[in-house]
Amino acid sequence: MSIFTGIFYFIILAGILVFIHEGGHFLAAKLFKVRVLTFSLGMGPKIFGFKKGDTDYIISAIPVGGYVKLFGDDPSEELSNEEISLSMQGISPYKKAIIYIAGPAMNLIFPVFLYFFMFLNQNMVPPAEIGMIIENSPAQKADLQPGDIVTKVNGSAVYSWNHMVEKISSMPGKKIELQINREGKTVTTFVTPKTIDGMKYDIPILSHLKDKKGQIGIVGVYANTIVGIEYNSPAYKNGLSNF
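Per the working numbering, the sequence shown starts with residue 79, numbered consecutively.
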């Protein structure tokens, strides 16, 4: 079942990406008043579809890829003057270029909107607050403490846990200055992140390179493990209570 589930989700994902890609070609063609003959999701024989205006909207048998067929895209095709005005033959080269580029451009633009709307309702980010210090780490040697809130790295303000980690990771082996809010008081300390190997490049000519990152040995603050009990569950029978 897992194989079929994977295939199913692959088809759905591929279908969305193809729809976005071919939709770019389609919209650009419509913008320049070029007649679109076919808009197909999938390749090969037609399974089903419908026609609206000049365009056949179809689902094809092979669920990978797709295409948009534009009127007059074959330069050897002979067309009347009226037909040329609605065809690829009747538009300027720069408009043709826009139509061809619009598909890949939509694939680049789509993730921007996708991630924007995915995180639109996220109104909280983890603070740059230290929850735990790893033993014998650079953080412990710098006398950092649980509950410290990092406010600046090398004089530059940080606004969240991830923002702080990004800054520290980019300076492996370099002495950096941390400004800390400790119980309402501002404390300054210095720490040198330990250098660790990150991503190794798979490209043959870059295989000798490794991504170096800095770590100081701190863990963030996690939400309290508040219990909610299901009636008649093993937890309930062993005496655990809500909250």
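The beta carbon of each residue, even a glycine, is placed where N, CA and C say it ideally should be.
- Membership of Glu255 in the beta strand (DSSP E) is indicated by the continuous run Ile254 to Arg260.
- In terms of Cα proximity to Ile140, the closest of Gly120, Thr273 and Ile307 is Gly120.
- Assigned with DSSP and collapsed to three states, Lys111 falls in coil, not helix or strand.
- In the displayed model, Ala139 falls within a strand according to three-state DSSP.
- In this structure the segment 105-122 lies against the segment 141-154, because at least three pairs of beta carbons, one per stretch, are closer than 8 Å.
- Apart from sequence neighbours up to five positions away, the residues of its chain that approach Glu255 with a beta-carbon distance below 6 Å are Asn232 and Phe268, ordered along the chain.
- With a 10 Å radius around the Cβ and a threshold of 16 neighbouring Cβ atoms, Asp226 comes out buried.
- The way I'd put it, the segment 122-134 doesn't touch the segment 182-192; fewer than three beta-carbon pairs between them come closer than 8 Å.
- Counted as a single uninterrupted DSSP element, the beta strand (DSSP E) harbouring Met210 occupies residues Ile208 to Ile211.
- For the set Phe97, Arg113 and Lys290, the Cα lying nearest the Cα of Thr133 is the one of Arg113.
- For Phe321, there is no enclosing beta strand (DSSP E), as DSSP marks it with neither H nor E.
- Nearest C-alpha to Thr273 among Ile258, Pro182, Gly262 and Gln293: Gln293.
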